[in-house]
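Numbering of the sequence shown is given in UniProt numbering, commencing with residue 1 and proceeding in unit increments.
Think of the CB as a built atom: it goes at the ideal place given N, C-alpha and C, for glycine as much as any other residue.
Inspection log for the structure reproduced underneath, given as structure tokens.
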Amino acid sequence: QQVVEVQSSWAPGADSRFVFRKNFAKYELFKSNASLFPEVMVSSCLEANKSMAHSELIQNFLNSGSCPEVQGFLQLREAGRKVWKRFHFSLRRSGLYYSTKGTSKDPRHLQYFADLTESNIYYVTQGKKLYGTPTEFGFCIKPHKVRSGTKGLKLLCSEDEQSRSCWMAAFRLFKYGMQLYRNYQQAQARLSQPPWIGPTPLRSVSDNALVAMDFSGCTGRVIENPNEVLTAALEEAQAWRKKTTHRYSLPAACHSSPLSAGETGGQCPVGSLPWAGGPPEPDTPLPTAIHRTQPWFHGRISREDTQQLMGRQGLVDGVFLVRESQRNPKGFVLSLCHLQRIKHYLILPSEEEGRLYFTMDDGQTRFADLIQLVEFHQINRGILPCKLRHYCTCVAL
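Here's what the structure looks like:
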């Protein structure tokens, strides 16, 4: 989207500004379109082109310019009223339509709703408070003729985040498809340019290119047997459990709970660091509060705020954060995005031989602290549906 064009449409003196934030889903349109466009929302397009696979929708558009027709139910706010009604919408190259009779696509029942070439699409924030949206997944279409204010906005609301993401991606594809694809190609080219041309790019390796290796002998070998791969993963998990960490260099409360930091209780003497002189004794409290220094830790954030925060930074596989559990005062929660849905995994402390561990699988795999738990699952999937890839930050700027 051309920033200058958007700015030129602002009314003089309007209270408008640009806010930039990281969004991991920016190019999911070209990386994982099968998950972004559920089959139920593009079924008519697939039926019309029976030879085309679901994963070929975007490539077909880039090759021929034929946009997939997206359809589904949306809540529509009636103009001038605070009443919301549910209609079946269809997005085509010619514009956005809704049916006045169920899911009928008869031209007599299709009502023209908006021309995307003459409008901009925006997410709606605080939709329930400001507009009475049925859910928090609202968005709006703003015609170019609407210079400022909310009068003239076409307000819509979807049932869930996956549906809204699909509609927003379809709008972006219809309006800026080829420009977005060129931007994506340029970004990929910058990552693959030789190091002598510019700064060394970060290496990006696909999971499909990774193989299990065995380095127990003189030389490494590729593990091809799936059962042996599983055994190697379990052995690595055991190694992580036995690994003694020496990263601790922050003072901790000597007599307060090892799960809390900065709470009331006796303090360690100045200069006394628990692990500075070697491994702690079994009855020494572990300074587990070091996780509070990590950008992926969000403290006492609610589940609802977690889902909103992760949604704003892009619902792609592997986006995660760790927070304190609201139901279990001694536990933590790992919130992870997979297939555009956010799942929550309870992390509980356990004690063995006077030492504190953390586990997500009833003690099958134990970690000395939350940092070790996160680092392990950035390399190994474990019990999770995918690896931890992108941590969600408090400030998304």
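Rounded to the nearest angstrom, the Cβ distance from Ser94 to Gln71 is 14 Å, too far for a contact under 8 Å. With contacts defined as CB atoms closer than 9 Å, Ile347 and Ile290 fail to qualify as a contacting pair. By the 16-neighbour rule on beta-carbons within 10 angstroms, Pro68 is buried. At the C-beta level, Leu334 and Val319 stay beyond 9 Å of one another.
Where Glu324 is concerned, the enclosing beta strand (DSSP E) starts and stops at 319-324. In the DSSP assignment, Asn183 falls outside any beta strand (DSSP E) and within the unbroken alpha helix (DSSP H) covering 161-192. About 6 Å separates the Cβ atoms of Gln313 and Lys22, confirming a contact at the 8 Å cut-off. A contact between stretches requires three or more CB pairs, one per stretch, nearer than 8 Å, and the segment 101-121 meets this requirement with the segment 136-149. Shown here for Trp10: same chain residues with a beta carbon closer than 6 Å to its own, the five before and five after excluded, namely Ser16 in chain order. Counting only runs that start and end inside the UniProt domain "PH" (67-176), the alpha helix (DSSP H) elements of at least 4 residues fall at 127-131.
Our two residues, Arg92 and Met41, have alpha carbons roughly 13 Å apart in a direct line. Residue state for Glu224 is assigned as coil, using DSSP reduced to three classes. CA-to-CA, the gap between Gly152 and Leu309 works out to about 29 Å. Rounded to the nearest whole angstrom, the C-alpha separation of Gly382 and Phe73 is 37 Å.
In the structure shown, the three-state DSSP call for Glu5 is helix. DSSP places His344 in the strand class (E or B) of the three-state scheme. Rounded to the nearest angstrom, the gap between the Cα atoms of Glu5 and Leu29 is 23 Å. Judged by DSSP secondary structure, Val374 falls within the alpha helix (DSSP H) whose first and last residues are 370-379. When DSSP states are grouped into helix, strand and coil, Thr306 belongs to the helix group. Bridge pairing for Val333: Arg323, Leu346 [DSSP]. Going by DSSP, Phe358 is part of the beta strand (DSSP E) stretching over 355-359. Relative to the Cα of Ile121, the nearest Cα in the group Trp167, Ser302, Phe332, Glu224 belongs to Trp167.
Secondary structure at Phe18: coil, using DSSP grouped into helix, strand and coil. Restricting attention to Tyr345, Ile379, Gly354, Asp317, the CA atom closest to the CA of Lys26 is found in Asp317.
The C-beta distance from Tyr131 to Arg77 rounds to 7 Å, short enough to meet the 8 Å contact threshold. According to the DSSP assignment, Phe30 belongs to the alpha helix (DSSP H) that extends over 28-31. Taken through DSSP and simplified to helix, strand or coil, His291 comes out as helix. Counting only the Cα atoms, Lys82 lies some 14 Å from Thr135.
When secondary structure is reduced to three states using DSSP, Arg389 falls in the coil class, being assigned neither helix nor strand.
Of the candidates Thr231, Ala14, Arg86, the residue whose Cα lies closest to the Cα of Thr150 is Ala14.
Only exposed fits Gln326, as fewer than 16 other CB atoms lie within 10 angstroms of its CB.
Excluding residues up to 5 positions away in sequence, Val70, Leu91 lie with their Cβ nearer than 6 Å to the Cβ of Ala170 in the same chain. Bridge partners of Arg366 according to DSSP: Thr359. Its Cα nearest to that of Cys392, the residue Val374 stands out among Asn380, Val374, Pro385.
Of the candidates Ile342, Arg323, Ser302, Pro329, the residue whose Cα lies closest to the Cα of Gly311 is Ile342. A distance below 6 Å between beta-carbons, with the five flanking residues on each side excluded, links Leu155 to the following residues of its chain, in chain order: Arg77, Tyr131, Cys140.
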